[in-house]
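Right, one structure below, let's go through it.
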Amino acid sequence: MLNLTLEQLREENKLRKFTFLGIILVIVGAVGAFTFLDDAFETVDIFEEKKVSGNQYKNIEIDTSSVDVNVIPTAKKELIVTLSGEVSKRYEEVYDLVLEERGDMLQIELKEKNIFFNVGFVINKVDLQVEIPQKLYDSVKVDVTSGDIDVAQLQANDLTLSTSSGDVTIEELNASDVELTATSGNISAKNGVISSNMLIETSSGDIDTENIISNILTLEVTSGNIEFTNNEVKTSTLQTSSGNITIYNDEHKGDIKAKTTSGDITIDFEQENESLLIDFKTSSGDVDIRREGYLFEEKSDSKAIGKIGSGKYNIEARASSGDITLK
3 MLNLTLEQLR EENKLRKFTF LGIILVIVGA VGAFTFLDDA FETVDIFEEK
53 KVSGNQYKNI EIDTSSVDVN VIPTAKKELI VTLSGEVSKR YEEVYDLVLE
103 ERGDMLQIEL KEKNIFFNVG FVINKVDLQV EIPQKLYDSV KVDVTSGDID
153 VAQLQANDLT LSTSSGDVTI EELNASDVEL TATSGNISAK NGVISSNMLI
203 ETSSGDIDTE NIISNILTLE VTSGNIEFTN NEVKTSTLQT SSGNITIYND
253 EHKGDIKAKT TSGDITIDFE QENESLLIDF KTSSGDVDIR REGYLFEEKS
303 DSKAIGKIGS GKYNIEARAS SGDITLK
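In this note's numbering, the protein residues as written are 3 to 329.
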């Protein structure tokens, strides 16, 4: 009977030890979690500025991972790169701003140090601002993995802006060839953008263009809407797989091809057209011509081919499932 009692005492002692150890582990885990979360919500301001003489550079490349990029002109002769914002405290030293000269090219790269243990809530509100001297550049290229791109008042022969996840905005610039791409994000080109050839593409997002002057304009969307407002373009191609296309001009000039697989096409001109050829067709939907004075070669609920005047300019519209309206 005594031996059995001793065995029971031993088992009870073991149980107490395991229980005590379990309590200690829970306390340590709770303290660690609290410290981790507290560190995540606690932020620090970061600021880094680098300057180089900007006269010798004809080409500029900017490459970042997860910050917004803003490119603006400066009257100074120096090119100024500024990294600023706030991040979670444990990410205070994560960024490495590198400027590398390669002949007449300046490469600006914002590197991020590898973080193997990256869980929990993270605050990252950081912007990269690049001030470049006002002059004509051979090329300007910006590549962002996750972040917005804003470029204004720039002159370049070639302008290429690309983001995987973020919006792209340009305004008041002059570039011979412009290419704007986004995988997931909206793209806006407005307010005095002048270009010879402009290509704008986004997989998931809207494209908004206004007051553009260009010889060739191509707008392509997989899922999203296209807005074409008061642009002076000789040849425009507008295409979306799933979305609406809206064309609004005070006075129409130039040829337009508009196509949507699933969506409506609306064409609205403030002034009467004196010379226009239209070719509208929809597979599942209606064609509605609300303007008078057109002579039609073919006219039905789903098709309209006709012209007013000599048909100097041409608008071709196609919709697989959607309506086409001329106001």
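Cβ coordinates follow ideal geometry from the N, Cα and C atoms, glycine included.
With the cut-off set at 8 Å, would you say residue i and residue j are in Cβ contact?
i	j	result
T211	N233	yes
V132	V83	yes
A321	G265	yes
D57	Y139	The sequence given here has Asn at residue 57, not Asp. No, these two residues do not count as a Cβ contact at 8 Å.
D281	E318	yes
T248	D290	no
G168	D145	no
S166	T185	yes
N316	L279	yes
Pick out whichever of the options has its Cα sitting closest to the Cα of residue i.
i	options	result
F230	T162, H254, L101	H254
R293	S286, S285, S277, G287	S277
K113	V69, D208, T76	V69
I74	T45, L156, Y59, E103	L156
E252	D270, S141, V235, I258	Strictly speaking, residue 252 in this sequence is Asp, with Glu absent from that position. Nearest C-alpha to D252: D270.
E102	I151, V54, E95, Y93	V54
S286	Y93, K143, D303	D303
V142	E272, Y250, L182, T284	L182
N72	D129, E299, E111, G245	D129
K261	E272, E80, T284, V96	T284
K329	Y93, L85, Y250	Y250
L85	F49, N199, Q273	F49
S198	E111, P135, N316, V235	V235
K79	P135, K115, L108	P135
L108	D288, T220, Y59, E274	Y59
M200	Q273, L219, N188	L219
E274	G187, I310, E299, S243	I310
So is residue i buried or exposed if we call it buried at 16+ other beta carbons inside 10 Å?
i	result
G105	exposed
G295	exposed
D98	exposed
V100	exposed
V46	exposed
L297	exposed
I172	buried
A77	exposed
I258	buried
S387	As displayed, the chain neither begins before 3 nor continues past 329, which places residue 387 out of reach and without an answer.
F118	Residue placement at F118 is flagged as unreliable, the pLDDT there being 44, under the threshold of 50; the coordinate-derived value follows with that caveat. Looking at its Cβ environment, which holds fewer than 16 other Cβ atoms inside 10 Å, F118 is exposed.
S312	exposed
I25	exposed
Please check the pair residue i and residue j, which I expect to be a contact at CB under 8 Å, by giving their CB distance rounded to whole angstroms.
i	j	result
E174	N159	Contact doesn't hold; Cβ gap of about 17 Å is too wide.
G308	K301	7 Å
T147	S67	5 Å
K91	E51	Not really, about 22 Å apart at Cβ, beyond 8 Å.
K127	E88	5 Å
I209	V195	About 13 Å separates the two Cβ atoms, so there is no contact after all.
D65	E111	5 Å
Inter-stretch contact (C-beta, 8 Å, three-pair minimum) for the segment 239-246 and the segment 191-206: No, because fewer than three Cβ pairs between the segment 239-246 and the segment 191-206 fall closer than 8 Å, the two stretches do not touch.
Cβ contact check for the segment 313-328 and the segment 256-274: 3 or more pairs under 8 Å: yes
Given 8 Å, three or more beta-carbon pairs between the segment 160-169 and the segment 177-185: At 8 Å Cβ cutoff, the stretches touch.
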